[in-house]
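*Asks:* One structure follows; several queries about it will come next.
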Amino acid sequence: MYDMLTALINGALGWGWPEWALNLLSYILIVTIVLVVAPLQMLFFTYYERRVIARMQDRVGPNRVGPEGIWQPIADGVKMFTKEDIVPQAADRIVHFLAPCVVVAPTVLMFAVVPWGPGMVPVDLPTGLLFFFAISSISAVGLMMAGWASNNKFSLLGAMRAVAQMVSYEIPAVLSLIAIVIIVGSLSINEIIAYQAGLIISNRDLPGVPDLGLGWFVFTPVGFVAFVAFFIAALAEGERTPFDIPEADSEIVAGYMTEYSGMKFGLFYLAQYVLNFLLCAITAIIFFGGWQGPGVGWLYAQGITPANPNGNGLFNVLAGILGVFYFLLKTYIFFFVMVWLRGAFPRLRIDQLMDFGWKFLIPWTLANLFSAALWVAFTRWGPAEGMLITVGWSPVLRWLAAFVVTLAINLGVYLWLTRVYAASQAERRRAELEELSAAA
Amino acid sequence: MLQTQELQVNIGPQHPSTHGVFRMLVTVDGETVVDLKPVFGYLHRNHEQIAEANSYLQNMPYTDRLDYFNSMANNHAYAMAVERLAGIEVPERAEYIRVLMVELTRILNHASAVGFMINDMGAWQTPLAFGMREREKILDLFEMASGARLMCNYFRFGGVVRDLPPEFIPNLRELLRALPAYIDELERLLRDNEILLQRAIGIGILPPEVALSYGVSGPVLRGSGIPYDVRKAEPYSVYDRFDFDVPIGKVGDVYDRFLVRIEEMRQSKRIIEQVLEQLPDAKGGHINPKARQNVRPPVGDAYARIESPKGELGFYLVSDGSTKPYRYKVRAPSFINLTPLADMCRGYKVADIVVILGSIDIVMGEVDR
Amino acid sequence: MTASPFEIEIPRGRVIEVQRDDTRVRWGGGLLRGMAVVWKHWKESFKLNRSYSQIHGTFTIEYPEEQPRIPEAYRNMPILLYDDETGHELCTSCFQCERICPPQVIHMTQAKDPATGKPVPAVAEFIIEYDACMSCGFCAEVCPFDAIKMDHEFELSTDDHTRLTVHKEQLLRPISYYAKIAPTMWAEVRESALKKLQGNVRRRPDVIGLAPQLTEKIAARRAELAAQAVQAAQAAAAAPAAPAAAPAEGRKLTPEEKAAKLAAIRAAKTAQAGESATPAEAAPAPPSPAPAGEAAPSADKAAKLAAIRAANAAKKAAAGEAPATLPVAPADGMAGDTPADAPPAAPPADKAARLAAIRAANAAKKQQSGDGS
Amino acid sequence: MLNAVPLPAVLTLAAALFCIGLFGALSRRNLIGVLMGVELMLNAVNVNLVAFWRYFEPRYITGQTFAIFIIAVAAAEAAVGLAMVIAVYRHYATVNADEVDQLRG
Amino acid sequence: MEVVVQMVFGLIALFILVAAAMVVSVRNVIHSALWLIACFFGVGALYLLLEAEFLAVVQVLVYVGAVSVLILFAIMLTRQISGEGVRQLTSRWPVVLVVTVLLFATVMTPTLINQQWNVPPAPPLGTPEPIAGPAELGRGFVNEFLIQFQVVGVLLTVALIGAIVIAFEERARRRKVLTLAEELELKRLRERTTQTETPEPVEAEPVARETRPASEG
């Protein structure tokens with residue numbers, strides 16, 4: 028992105044600015060874009076969610092403000108801004124004030140590593156994925172602050188639930204991503220996207236596959252399991268419906284947000300929706316190729332890239348537009364799925380959530396990690412690494428073997444775990460009964 | 088989870104899922120409920136005292152306001168009580184129309200009760216919206232017949248306000264055609280849903296002995312496995328002319344109550360079909376309600392009970408020979424079903440309270456009166 | 003639990019135990035099925051759900067653009083009916099609705115004959131507190147005269163609480179309105195209601211029991227008819243053989259027509275009496291170009307004009323001897339029936355018209371008496 | 002960084018942090034406060050390790066590796082320490098170190 | 078550029094020290110924990126300045142995301158939150174203060190004497206371009222630091238188990254609130270045992286009361 032800007036300013040416009048000015052300018056520009064885009068996504072998402080879920084419930088949804096109600100989020104925002112900001116008397120005022128900031132800041136920071144299109148990543152960190160999750164874990168502190176500072180039992184209960192949930196579901200989320208990281212061999216988000224070129228099969232796994240930008244991880248057994256596990260964990264991280272326990276309105280009113288009003292409440296809302304956007308985006312990026320899609324790779328190859336500095340800038344723009352289109356399309360589809368789940372399911376109880384996370388999701392993702400290692404072993408390792416079975420196999424055969432083996436493992440583990448999980452619950456009930464009889 | 092100190096949490100009176108202004112003073116140990124004290128009376132409207140100052144007919148619209156979901160059922164019970172007191176005969180067609188209306192009420196009540204219960208479990212309005220959709224259509228029918236959707240005020244002593252309008256029966260038949268698909272869909276949405284199973288199975292168990300000792304009735308009692316139904320135990324109106332089954336649960340938990348409600352919707356549909364078959368034609372049907380505006384029953388008392396969708400609804404009236412009831416007492420199923428709440432919730436988690444409350448299906452208008 | 007010890011005999015029907023199958027190991031199929039149901043709803047939601055047999059489709063009614071279907075029996079707030087043709091209210095103030103009203107929000111006073119002080123079967127003031135009304139519909143049910151009915155209008159919201167105390171003027175609707183919103187229900191009671199109305203109207207003196215918003219119109223109509231009568235009287239004076247001026251319409255006599263006729267006859271009489279003395283002076287009343295009131299483009303304007311002209315003519319006739327004491331003469335024995343004593347204060351315009359007509363009559367009378375003395 | 006800030010400056014910072022942590026660990030009554038002091042000390046150690054790695058051996062990963070080990074140890078220490086605090090609290094209903102004075106309870 | 082770096086370093090150092098000082102001095106334990114988080118952030122920023130990118134991210138992930146949350150949790154679970162009016166320091170804190178200041182002085186004195194602050198030392202030999210990406214670290218973990226890595230892994234596992242064991246409340250001591258169904262079940266079981274064994278008098282008091290612990294907090 029910065030190289031493109033540099034090329035634009037010095038090449039196309041011919042200004043010949045010094046490097047530091049260029050850097051400053053491009054950083055400011057990109058930060059501005061990110062800061063503008065994040066709230067816009069949130070505004071769109073609130074509208075989108077309300078319309079979609081209304082349709083699912085045979086309703087129409089907000090359609091009065093502007094054409095088809097498109098200005099509804101703006102109206103909501105105005106309402107938020109004009110509402111009175113109430114701070115409870117017994118609250119810890121400073122912490123109460125800081126909490127929304129601590130919750131919002133990381134969500135905006137997370138945009139720093141999200142690539143929107145080919146070459147359009149604000150900062151291409153080599154540890155991008157880790158950065159993403161490290162930053163996302165900060166907001167747990169903000170939630171805790173909010174819950175504690177409000178000096179309200181519902182708030183505290185909600186905050187403790189939220190933090191317990193976020194901390195426990197970070198583990199399966201990261202474990203499922205590590206499976207992908209093992210296959211790619213890099214934490215850089217750009218690398219992960221680049222790996223997913225191909226057609227159904229990634230052309231890194233099986234060289235020679237035509238690049239249509241469709242070699243997504245979700246088509247592999249490892250990727251699919253990781254996707255499902257990650258998406259479930261993302262629902263918990265983003266406090267979406269089957270796991271929206273922290274703000275379970277039918278139980279603890281609004282959780283940690285109970286004592287917030289006005290724009291502070293709006294900030295929590297903002298953080299939540301921006302986080303949802305980011306989780307959908309990261310799902311799209313890691314498992315569905317991000318901006319990868321038919322045509323983007325070819326277009327980008329013609330443009331100005333670090334590898335090809337003499338390309339045509341027009342192709343960059345075209346690839347960017349197409350890439351952003353694919354990326355946003357996938358992201359919105361995932362948000363649709365989130366809304367769909369919200370429309371369909373009740374929520375779990377906190378202990379059931381913990382049970383599910385620790386007793387089902389984590390073993391499952393661990394098994395998937397093993398499959399990922401097998402996948403690497405089958406597709407990439409040779410005798411040098413001690414992989415002697417595949418010696419002499421053609422790449423297709425190796426790929427097929429990897430596919431079959433991982434599929435068998437993942438499916439088997441899944442079915443076995445459902446059984447074990449059900450059995451463990453029955454066992455617990457039995458143990459309780461036994462205890463009773465012992466007490467008698 | 089880890090703490091062992093007891094904490095008092097006030098759920099309500101202003102709370103999203105207390106079904107009105109109801110307050111539960113919950114003592115929790117971590118997330119486990121140790122004790123629960125229901126506090127109600129926030130919606131007390133002096134119903135019984137007002138009724139004693141009104142004439143018999145004037146009370147009819149007030150009974151609508153008891154359980155505002157099932158105004159038809161309330162009307163039925165009250166009309167029956169006054170008829171019993173004053174010895175008024177009800178023409179056959181009117182009886183059939185009454186049964187029809189009350190069974191429609193049962194369907195709409197159960198549809199939305201299931202929706203509300205799932206809402207308390209945290210579903211974001213969808214099952215409720217689906218339940219409401221069917222409810223709306225039945226309410227449209229009510230409006231067609233009585234002129235109002237919720238506060239129907241349709242029954243009169245010795246009949247109903249007016250005969251069914253001509254477009255009522257065809258529309259009802261259409262509704263009945265769609266009803267099985269609708270109930271099946273509701274079941275498909277929820278019945279096997281693993282999350283719902285997790286939340287509902289083994290939660291809020293009300294053993295049959297306890298249920299009996301609390302005097303619980305309706306789907307809550309049947310969910311506990313006791314096939315007690317006033318329509319069967321003491322057939323009133325023309326209920327002895329219909330075939331229908333009584334669904335009961337096995338364990339008495341939230342899931343049983345949910346399933347019993349769904350099955351009862353099917354049975355109600357069966358009854359309505361039989362009503363439509365047997366409905367006598369309009370000749371000599373309902374009587375003119377104007378003649379009954381000054382009911383002056385002889386001195387005495389009467390108790391009439393019906394199987395309202397929420398349970399056994401009874402009206403006890405004492406007459407001193409004037410146009411006003413001397414004593415007027417409502418046996419409200421919501422109120423009596425609510426009494427075992429504390430016992431039902433003890434030992435479960437905080438999040439289960441609202442689900443258990445939702446599965447009892449209360450209406451505060453009836454609880455507080 | 004255990005086998006239930008609760009043996010209850012169920013006549014006609016079985017006791018069925020619900021299918022729980024909660025011991026099955028589940029793999030998430032129930033979740034997917036639930037999602038499929040929601041998906042179906044989402045997909046179908048772009049169609050409308052308007053019939054009773056549909057279970058999919060949007061069933062929102064987008065309200066201001068799309069009005070809800072309101073069945074005939076719908077009841078919202080009570081209204082009072084009056085007859086379109088004559089403006090007579092159906093209400094006779096029998097107090098049945100006031101008595102039955104459960105929240106006691108109906109208040110009324112009975113009209114009294116101003117001459118005799120006796121109650122007449124009409125309502126003087128009728129108030130319903132809409133804010134406390136529970137829309138039970140008892141008032142409409144018990145009304146023996148079908149005068150109070152339940153309205154279909156539901157857009158009653160207001161920011162002014164006092165406007166929810168509704169007076170007779172706002173409560174009154176013509177019968178045609180009710181017949182439009184509830185045709186069959188009106189058709190059932192139409193005959194008896196109108197018959198009862200006829201019976202009551204007979205006992206109502208003059209404008210008592212008329213819809214207040216119509217009194218203006220009716221007064222104007224009366225004045226017009228009176229003017230007509232004056233003309234007719236003059237015509238009759240010119241040609242004594244002519245019978246008393248009859249209204250142009252051949253239909254039954256409405257009270258104001260009756261009154262007009264009466265006035266006409268009286269005017270004719272006085273004119274005749276005056277004419278016997280000075281026929282030449284009464285004669286020059288300008289012959290009105292408009293034939294009868296109903297042909298004129300603006301009926302009551304013409305009527306007023308005619309009345310004023312008649313007054314002028316009469317005044318001119320009296321100008322000679324009698325001092326021009328124009329104030330209204332004290333009413334004679336018959337005044338109770340004359341329009342001059344219409345109890346409700348009418349708006350100034352038609353008051354003037356009425357006054358003019360009366361003056362015309364008085365002047366003619368006075369002249370006659372003056373001439374006679 | 003290397004040219005602008007001398008290594009001793011970073012080390013001074015680390016030392017100061019360590020001393021503050023030490024003060025906290027030794028003087029706070031609250032057991033959790035003590036743990037927080039220990040965390041500060043561990044962080045100071047980490048700063049030292051990273052500084053030495055950066056200034057002396059940026060081509061070798063040893064410094065960072067050990068920093069990561071220390072972070073892991075710190076995490077383990079926090080987990081066990083806090084578990085102990087909770088156990089103590091459950092037993093004595095206090096988390097003040099000087100009130101926990103019984104050997105058996 | 079150097080001035081900028083110096084300024085940034087100075088700010089970060091100041092921030093870290095102030096935050097650390099607040100950690101040990103504020104009364105409210107929650108505030109203290111929040112200052113600790115701020116201090117962790119400052120250290121993370123320092124790592125970034127030292128070009129240890131991966132470590133900075135790990136610092137945030139582990140310390141801010143996990144350890145501090147754990148601390149906050151522990152504080153809230155032990156319910157000694159506000160600490161107002163309660164002495165937060167032990168009575169011997171002046172002694173401790175003197176000791177720590179002396180320690181600091183001992184460490185600093187040779188530096189102050191020897192170091193020439195104005196002259197930055199020449200950069201060490203070789204390229205200053207550091208290599209410590211995640212890939213290199215990973216390779217290090219599975220090659221030269223394999224044993225240490227395993228040991229840390231074992232340590233973490235042991236710590237995990239240990240924490241659970243320490244914090245775990247034995248079932249017998251944990252308070253169990255019986256549900257209605259369990260109560261009835263219990264009663265039934267009792268009746269069965271009393272019928273089969275001895276005709277000892279059945280305790281008639283309600284079961285729920287009985288299961289409450291004798292000690293009141």
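Residue numbers (the working numbering), protein chains in the order written: chain A, 28 to 467; chain B, 88 to 456; chain C, 3 to 375; chain D, 2 to 106; chain E, 78 to 294. For each residue, glycine too, the CB sits at the ideal point set by N, CA and C.
1. Just the Cα atoms here: how many angstroms apart are A:Pro89 and B:Phe127?
2. Using 8 Å as the cut-off, can you tell me whether the segment 258 to 275 of chain A makes contact with the segment 444 to 459 of chain A, which would need three or more C-beta pairs spanning the two stretches below that distance?
3. Restricting to Cα atoms, I'd like to know which of A:Lys106, A:Pro142, A:Gly413, A:Val364 is closest to A:Ala221.
4. Could you check what DSSP says for A:Tyr441 in three-state terms: helix, strand or coil?
5. What residues of chain C sit near A:Trp367, judged by a beta carbon separation below 8 Å?
6. Please go through the same chain and pick out, in chain order, the residues whose beta-carbon is closer than 6 Å to the beta-carbon of B:Pro95, but skip the five residues on each side of it.
7. With respect to the alpha helix (DSSP H) encompassing E:Met185, which residues constitute its N-terminal and C-terminal limits?
8. So, is the C-beta of E:Gly160 closer than 7 Å to a C-beta in chain B?
9. Specify the secondary structure class of B:Val121 as computed by DSSP and reduced to three states.
10. Thinking B:Val247 and B:Ile184 are a contact (beta carbons under 8 Å), I'd like their distance in whole angstroms, please.
11. Going by DSSP in three states, B:Pro70 sits in which element: helix, strand or coil?
12. Give me the DSSP bridge partner(s) of C:Phe128.
13. If we define contact as Cβ-Cβ less than 7 Å, is D:Tyr93 a contact residue for chain E?
14. Kindly list, in the order they appear in chain B, the residues whose Cβ is closer than 9 Å to that of C:Ser47.
15. Below 8 Å, how does it come out for the segment 342 to 350 of chain B and the segment 406 to 420 of chain B: are there three or more Cβ pairs, yes or no?
16. Out of curiosity, what's the CA-to-CA distance linking A:Val418 and D:Met42?
17. Quick one: which residues of the segment 70 to 92 of chain A get their C-beta closer than 8 Å to a C-beta of chain B? List them in chain order.
18. For the beta strand (DSSP E) containing B:Phe471, list its first residue and its last residue.
19. Using a Cβ cut-off of 9 Å, which residues of the segment 15 to 41 of chain D contact any Cβ in chain E, in chain order?
20. Tell me which residues of the segment 205 to 222 of chain A have at least one Cβ-Cβ distance to chain E shorter than 8 Å, keeping chain order.
21. Reducing DSSP to helix, strand and coil, say where C:Pro146 ends up.
22. Which residues in the same chain as C:Pro146 place their Cβ atom closer than 7 Å to its Cβ, once the five residues preceding and following it in sequence are excluded?
23. Return the residues of the segment 147 to 175 of chain C that lie within a Cβ-Cβ distance of less than 8 Å from chain B, sorted by chain order.
24. Expressed to the nearest angstrom, what Euclidean distance is found between the alpha-carbon atoms of A:Trp44 and A:Leu56?
25. Can you name the residues of chain E whose CB is closer than 7 Å to the CB of D:Glu70?
26. Just mark E:Arg286 as buried or exposed, buried being the case when its beta carbon has 16 or more other beta carbons within 10 Å.
27. Does the beta carbon of D:Asn44 come closer than 7 Å to any beta carbon on chain E?
28. With DSSP as the reference, label B:Pro334 as helix, strand or coil.
29. Would you mind telling me which residues of chain E sit closer than 8 Å to B:Ile292, beta carbon to beta carbon, in chain order?
30. Among residues of its own chain, excluding the 5 on either side of B:Asp439, which ones have a beta-carbon nearer than 6 Å to its beta-carbon?
31. Are the segment 428 to 447 of chain B and the segment 406 to 413 of chain B touching, with three or more C-beta to C-beta distances below 8 Å?
32. Any C-beta of chain E within less than 9 Å: which residues of the segment 431 to 447 of chain B qualify?
33. Is the segment 282 to 293 of chain A touching the segment 227 to 234 of chain B, taking contact as three or more C-beta pairs under 8 Å?
34. Using DSSP with H/G/I as helix, E/B as strand and the rest coil, what is E:Val228?
*Replies:* On the basis of the coordinates in this document:
1. Counting from one through the first sequence, the residue named residue 89 of chain A turns up at place 62. Counting from one through the second sequence, the residue named residue 127 of chain B turns up at place 40. Roughly 36 Å separates the two Cα atoms.
2. no
3. Taking the first residue of the first sequence as 1, we reach residue 221 of chain A at position 194. Checking every option, the nearest Cα to that of A:Ala221 belongs to A:Pro142.
4. Translated into positions along the first sequence, residue 441 of chain A becomes position 414. Helix, per DSSP.
5. By one-based count along the first sequence, residue 367 of chain A stands at place 340. What A:Trp367 touches in chain C: Met37, Val40, Trp41, Trp44.
6. Mapped onto the second sequence, residue 95 of chain B falls at position 8. One detail in the question is off: residue 95 of chain B reads as Gln in this sequence, not Pro. For B:Gln95, where only same-chain residues beyond five positions count, the Cβ hits under 6 Å are Thr114.
7. Walking along the fifth sequence from the start, residue 185 of chain E turns up at place 108. Looking at the DSSP string, the run of the alpha helix (DSSP H) that includes E:Met185 is 170 to 191.
8. Stepping through the fifth sequence from its first residue, residue 160 of chain E is reached at position 83. Only weak support is given to the placement of E:Gly160: the predicted model assigns it a pLDDT of 49, under 50, and the value that follows is read from those uncertain coordinates. Chain B contact via Cβ: absent.
9. The count along the second sequence starts at 1 and reaches residue 121 of chain B at position 34. Three-state result, B:Val121: strand.
10. Reading the second sequence from its first residue, position 160 is the one you call residue 247 of chain B. Reading the second sequence from its first residue, position 97 is the one you call residue 184 of chain B. Yes, they are in contact, since the Cβ atoms of B:Val247 and B:Ile184 sit about 5 Å apart, within 8 Å.
11. Since the first and last residues shown for chain B are 88 and 456, residue 70 of chain B lies out of range.
12. Within the third sequence, numbered from 1, the residue matching residue 128 of chain C stands at position 126. BP columns for C:Phe128 point to C:Met110.
13. Counted from its first residue, the fourth sequence places residue 93 of chain D at position 92. It does not; no Cβ of chain E falls within 7 Å.
14. Position 45 of the third sequence, counting from 1, holds the residue named residue 47 of chain C. Within chain B, no residue comes near C:Ser47; the closest Cβ sits about 11 Å away, beyond 9 Å.
15. no
16. Start at 1 with the first residue of the first sequence, and residue 418 of chain A comes out as number 391. Start at 1 with the first residue of the fourth sequence, and residue 42 of chain D comes out as number 41. Those two C-alpha atoms are separated by around 52 Å.
17. Ile80, Met83, Gln84, Asp85, Arg86
18. What is shown of chain B runs 88 to 456, which leaves residue 471 of chain B out entirely.
19. Ala16, Ala17, Leu18, Phe19, Cys20, Ile21, Gly22, Leu23, Phe24, Gly25, Ala26, Leu27, Ser28, Arg29, Arg30, Asn31, Leu32, Ile33, Gly34, Leu36, Met37, Gly38, Glu40, Leu41
20. Gly212, Ser213, Leu214
21. By one-based count along the third sequence, residue 146 of chain C stands at place 144. Coil at C:Pro146, not helix or strand.
22. Here residue 146 of chain C refers to the residue found at position 144 when the third sequence is read from its first residue. Within the same chain, C:Pro146 has close Cβ partners Cys96, Gln98.
23. Met152
24. Taking the first residue of the first sequence as 1, we reach residue 44 of chain A at position 17. Taking the first residue of the first sequence as 1, we reach residue 56 of chain A at position 29. Approximately 15 Å, taken between the alpha carbons.
25. Numbered from 1 along the fourth sequence, position 69 holds the residue referred to as residue 70 of chain D. A small fix is needed here, since residue 70 of chain D is Phe in this sequence, not Glu. Neighbours of D:Phe70 on chain E, chain order: Gln225, Val229.
26. On the fifth sequence, position 209 is the one that residue 286 of chain E refers to. Note that E:Arg286 scores a pLDDT of 41, beneath 50, so its modelled location is shaky; the value from the coordinates is reported in the next line. When all chains shown are included, E:Arg286 counts as exposed.
27. For the purposes of this step, residue 44 of chain D is taken as residue 43 along the fourth sequence, with counting starting at 1. Yes, its Cβ sits closer than 7 Å to a Cβ of chain E.
28. Against the second sequence, residue 334 of chain B aligns to sequence position 247. Of the three classes helix, strand and coil, the one that applies to B:Pro334 here is strand, per DSSP.
29. Sequence index remark: in the second sequence, residue 292 of chain B carries index 205 (1-based). Those are Thr256, Leu257, Ala258, listed as they occur along chain E.
30. By 1-based counting over the second sequence, the position of residue 439 of chain B is 352. Counting only Cβ-Cβ distances below 6 Å, and skipping sequence neighbours, we find Ile290.
31. no
32. Met431, Cys432, Arg433, Gly434, Tyr435
33. no
34. Position 151 of the fifth sequence, counted from the start, is the residue given in the question as residue 228 of chain E. Of the three classes helix, strand and coil, the one that applies to E:Val228 here is helix, per DSSP.
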